[in-house]
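Read through the structure below, which is laid out as structure tokens, and then see the notes.
Residue numbers (this note's numbering): 3 to 929.
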């Protein structure tokens with residue numbers, strides 16, 4: 003830079019939205035080299051991108067406290083005012099927002115650039131019209147150019163937060179107030195972007211980009227938006243008119259109000275300003291007139307501090323920094339953080355001991371320039387500065403890289419709330435500032451990359467946290483969508499059923515049923531359902547066509563215990579089975595979620611489901627469908643129809659006792675019709691074996707539940723034949739019969755009955771003829787001896803192996819054989835049985851009682867129609883003698899007369915244990 007007063011200086015002054023920055027960029031790019039200083043890193047980055055687009059990245063550099071992009075051949079520099087290299091010789095110099103020379107904290111920096119920074123060919127000062135008098139006094143050679151505002155700024159009055167127009171910025175002056183307003187906007191408008199000075203530049207960029215892209219319609223910010231940020235804001239609403247400036251709580255000046263309000267309306271678009279409610283009484287008429295007319299009281303002074311202090315000693319440094327300005331328009335700058343830290347360290351013994359060392363004092367002032375990004379205060383911040391100074395004045399003069407790495411690692415955590423993330427970003431910005439100084443730390447380029455990468459990650463996490471807390475993108479999207487009658491937003495249905503409108507999930511579509519996102523607020527449900535109704539019509543119509551025209555593989559039966567039987571498409575319920583004309587003709591009730599379809603589509607789906615049910619019954623429960631059809635056929639004999647109707651109503655299985663009369667009434671020529679249908683007429687039950695298969699049982703349970711209007715009962719496991727516990731209704735449908743303390747499947751019970759009758763028939767068969775050559779006389783005597791010494795036990799044996807393999811215990815087996823008509827005889831250990839026949843229900847009478855004289859009532863007939871054998875009057879004694887009345891006749895060898903009422907006795911089976919016992923007795927007699 004050159005300080006020659008012969009070079010032209012132009013002061014372009016005016017309100018916001020006058021194109022001052024745009025003009026400076028044009029002049030910069032028209033020169034061979036140049037640089038512009040800005041008040042914000044964010045604004046410097048924005049202009050840097052614009053110049054790169056014009057000149058290329060190889061010719062443009064960016065210099066801020068935390069970021070440095072400096073190509074070797076860079077001819078154009080953009081940066082913050084503090085970081086601008088004053089000693090660089092360039093053709094053009096621009097100073098933006100020069101009125102900030104009146105800022106107590108940073109004003110001396112802007113004043114110094116106004117007084118000393120010059121370009122070889124052109125210098126341009128940009129600022130408010132309130133700077134006019136000061137520019138004339140401090141830079142007499144400057145040409146003052148006034149530019150009018152491109153658009154009109156007008157006062158819109160006070161408004162409720164809920165009634166603010168879209169594209170509004172709401173300004174508050176504390177983080178708590180900003181958060182509270184953003185929370186309220188989220189509830190009824192979908193949220194807001196947040197811009198505060200405490201946010202990192204990248205986070206602010208992301209929030210502003212969200213607002214600019216229209217994802218949210220509101221921006222909540224501190225006065226940071228007044229620092230030259232170009233935003234598409236149409237209205238600025240002040241939530242407060244006072245702020246704490248670091249020393250006291252005061253009302254905003256008119257210039258500060260105008261700087262913020264001027265963000266409304268860009269280029270040729272008019273803007274407005276107002277308040278939310280009436281904070282601090284609202285704007286006064288004088289303030290409104292001044293802001294609308296851009297008439298502000300002129301600035302009378304700027305802050306100044308000696309920019310070139312001496313480093314001969316610590317006392318000289320402090321004295322030079324405290325030196326007052328020489329011009330009346332300048333006044334001493336308030337004590338900034340760097341001087342406060344310097345004064346705090348000046349009291350340290352080590353610093354005081356080296357207070358006469360030029361290099362030590364120079365480096366002390368250098369490290370005092372480290373900004374207090376964390377806002378910890380001079381005392382706390384001085385600890386870090388002191389440590390840096392110790393490293394800078396010892397050894398190789400470089401900061402300990404291990405300390406830097408530990409600080410970086412400690413901050414590498416993207417979890418936490420908004421305040422925690424913002425605090426970490428501030429600490430990382432301190433490390434970024436250190437890493438930019440190649441004379442402070444070795445390997446600065448590598449550390450810079452790591453620190454900036456961490457800042458970027460934390461900024462992304464902070465942006466996400468802000469968006470999650472203050473933005474309901476789904477609500478904002480639906481609010482905009484509600485006003486778009488003709489425009490259709492893109493709708494996508496994911497593989498998992500997630501419905502997204504313009505990329506934002508609003509719920510899930512399962513089959514034809516839409517469910518609102520469970521995390522949505524209750525107040526948003528109606529809006530989400532309306533959005534689904536609007537955007538899912540085409541998708542539902544497509545699904546209806548696929549269902550009506552598809553194959554059976556997509557359809558299924560849902561028969562879960564405790565629920566109504568339903569039909570499903572791709573696993574999602576679409577209809578319910580209900581009571582119909584018959585068991586095998588259930589009614590199909592379409593799910594209410596399908597009622598949004600066209601009537602023709604609903605009818606097609608209903609017919610498709612009826613065909614599916616008929617096909618499934620034919621496939622899995624064909625006998626049930628066949629008996630239902632035969633029961634309704636007029637050509638079927640009436641007695642058969644009555645029996646089939648009873649079987650159909652009972653889902654294909656029924657106890658024999660319930661239909662015994664119908665079975666007995668069947669004519670001989672009618673029985674083949676039952677056998678043709680495949681029915682088994684067992685001892686206890688009438689059933690069809692195919693209806694006991696798992697899928698047939700499931701359909702029968704569903705049909706029964708639908709016909710009874712009851713939930714589906716719990717069914718036994720597939721393949722089970724014996725159950726100890728379970729639902730009585732489910733076990734009955736599955737074909738199980740109660741026996742003692744368990745339930746046995748009826749086909750297994752019938753198998754046991756057939757085994758028992760086979761044993762009975764085998765016992766009743768006549769004995770085989772003796773072999774030729776045997777001595778009949780000897781055989782008769784042997785038989786007589788065997789009978790005399792070991793009489794054959796009564797009854798016959800039923801092999802228990804089958805019952806054991808089925809898991810039946812002895813109690814259950816005996817009860818089951820008893821229900822078949824078998825009675826245990828003799829000692830229980832002998833396992834001997836006798837057939838007594840099944841007794842009809844009508845024949846069950848009380849047990850015999852003795853009359854008054856003690857005589858027994860005569861026994862009734864046997865259940866199977868045979869007469870009971872009369873009691874024997876004589877007992878047989880030893881050696882065949884007859885015992886009884888005196889004078890009884892001795893036994894003769896003549897054969898007994900045949901007894902037609904009982905089968906001929908035969909000897910024990912060779913495989914019976916009694917045969918072995920008889921052999922042992924015979925051997926004993928021989929001995």
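For glycine and all other residues, C-beta sits at the position ideal for the given N, C-alpha and C.
Could you check the C-alpha separation between residue 887 and residue 724 for me, to the nearest Å?
Confidence in residue 887 is poor, its pLDDT being 43 and thus under 50, which makes the residue's placement too unreliable to answer from.
Host beta strand (DSSP E) of residue 574 (start-end)
Per DSSP, the continuous beta strand (DSSP E) segment holding residue 574 begins and ends at 574-584.
Any idea if residue 72 is buried or exposed, counting beta-carbon neighbours within 10 angstroms, 16 or more meaning buried?
Residue 72 should be labelled exposed.
I'd like to know whether the C-beta atoms of residue 79 and residue 65 end up nearer to each other than 8 Å.
Taking 8 Å as the Cβ cut-off, residue 79 and residue 65 qualify as a contacting pair.
Any chance you could list the beta strand (DSSP E) runs of at least 3 consecutive residues sitting entirely within the region 82-127, in chain order?
Taking 3 residues as the shortest admissible run, the region 82-127 contains the following complete beta strand (DSSP E) segments, listed from N- to C-terminal end: 94-97.
Which residues in the same chain have their Cβ closer than 8 Å to the Cβ of residue 559, if we skip the five residues on either side of it in sequence?
Answer for residue 559: 567, 568, 569, 570, 618, 700, 701, 704, listed in chain order.
Test item: CB-CB of residue 96 and residue 126 under 8 Å:
In contact: residue 96 and residue 126 (Cβ atoms closer than 8 Å).
Quick check: the Cα distance between residue 753 and residue 692, rounded to an integer number of angstroms?
Distance between the alpha carbons of residue 753 and residue 692: 16 Å.
Which class does residue 657 belong to by DSSP, given the choice of helix, strand or coil?
Strand.
Using 8 Å as the limit for Cβ to Cβ distance, is residue 810 near chain E?
The structure shown contains no chain E; it is built from a single protein chain.
Which partner residues does residue 61 have in the DSSP bridge list?
DSSP links residue 61 through a beta bridge to no other residue.
How about residue 129 and residue 101: do their beta carbons lie closer than 8 Å?
One thing to note: residue 129 has its Cβ within 8 Å of the Cβ of residue 101.
Cβ of residue 88 within 8 Å of Cβ of residue 119?
The answer is yes: Cβ separation under 8 Å.
Could you give the residue range of the alpha helix (DSSP H) that holds residue 380?
Secondary structure note for residue 380: its alpha helix (DSSP H) is the uninterrupted segment 380-394.
What does residue 283 pair with, by DSSP beta-bridge criteria?
Paired residues: none, contrary to the question.
For residue 37, is the beta carbon positioned less than 7 Å from some heavy atom of the ligand HEM?
Among the components modelled here there is no ligand, and therefore nothing to report on the ligand HEM.
Drop a sphere of 10 angstroms on the beta-carbon of residue 203, count the other beta-carbons inside from all chains shown, and report buried for 16 or more, exposed for fewer.
Buried: at least 16 other Cβ atoms inside 10 Å.
To the nearest angstrom, how far is the alpha carbon of residue 722 from that of residue 190?
Their backbone Cα atoms lie some 60 Å apart in a straight line.
Tell me which same chain residues have a C-beta within less than 7 Å of the C-beta of residue 860, skipping the five on either side of it?
Because the pLDDT at residue 860 is just 45, under 50, the model does not fix this residue reliably, and the point stays unresolved.
I need the DSSP call for residue 14, collapsed to helix, strand or coil.
Reduced to three states, the DSSP call for residue 14 is strand.
Give, in chain order, every unbroken run of the alpha helix (DSSP H) that is at least 4 residues long and sits entirely within the region 184-245.
Those alpha helix (DSSP H) runs which fall completely within the region 184-245 and span 4+ residues are 203-214.
Residue 687 - DSSP class collapsed to helix/strand/coil
Reduced to three states, the DSSP call for residue 687 is strand.
Run through DSSP, which three-state label would residue 565 get?
For residue 565, the secondary structure class from DSSP, reduced to helix, strand or coil, is coil.
When you compare only the Cα positions, how much space is there between residue 487 and residue 601?
With a pLDDT of 46 at residue 487, under the threshold of 50, the modelled position of this residue cannot be trusted, and the question is left open.
Can you give me the Cβ contacts of residue 18 inside the same chain, cut-off strictly under 6 Å, excluding the 5 residues immediately before and after it?
Counting only Cβ-Cβ distances below 6 Å, and skipping sequence neighbours, we find 264.
Just how far apart, CA to CA, sit residue 259 and residue 293?
Counting only the Cα atoms, residue 293 lies some 8 Å from residue 259.
Looking only at its chain, what residues have a beta carbon closer than 6 Å to the beta carbon of residue 595, apart from the 5 residues adjacent to it on each side?
If you ignore the 5 residues before and after residue 595, its C-beta comes within less than 6 Å of the C-beta of 514, 515, all in its own chain and listed in chain order.
If you pair each beta-carbon of the region 154-168 with each one of the region 193-202, do three or more pairs fall below 8 Å?
At 8 Å Cβ cutoff, the stretches do not touch.
Proximity below 8 Å, CB of residue 365 to CB of residue 391
Less than 8 Å separates the beta-carbon of residue 365 from that of residue 391.
Locate the beta strand (DSSP E) running through residue 503, then write down its first and last residues.
Where residue 503 is concerned, the enclosing beta strand (DSSP E) starts and stops at 500-503.
Closest to residue 763 by C-alpha separation, out of 835, 356, 344, 815, would be which residue?
The shortest Cα separation from residue 763 among 835, 356, 344, 815 belongs to 835.
To which residues of the same chain is residue 734 closer than 6 Å at the C-beta, ignoring the five residues directly before and after it?
In its own chain, leaving out the 5 sequence neighbours on each side, no residue places its CB closer than 6 Å to the CB of residue 734.
Using the DSSP secondary-structure output, state which residues sit across from residue 587 in a beta bridge.
584, per the DSSP bridge assignment.
DSSP state of residue 39 mapped onto helix, strand, coil
Strand at residue 39.
Given that a residue counts as buried once 16 or more other Cβ atoms are within 10 Å of its Cβ, and exposed if not, what is residue 666?
Answer is exposed; the Cβ neighbour count stays below 16.
If residue 688 and residue 649 are in contact, beta carbons under 8 Å, what's the gap, nearest whole angstrom?
Taking 8 Å as the upper bound for CB-CB distance, residue 688 and residue 649 are in contact here, some 7 Å apart.
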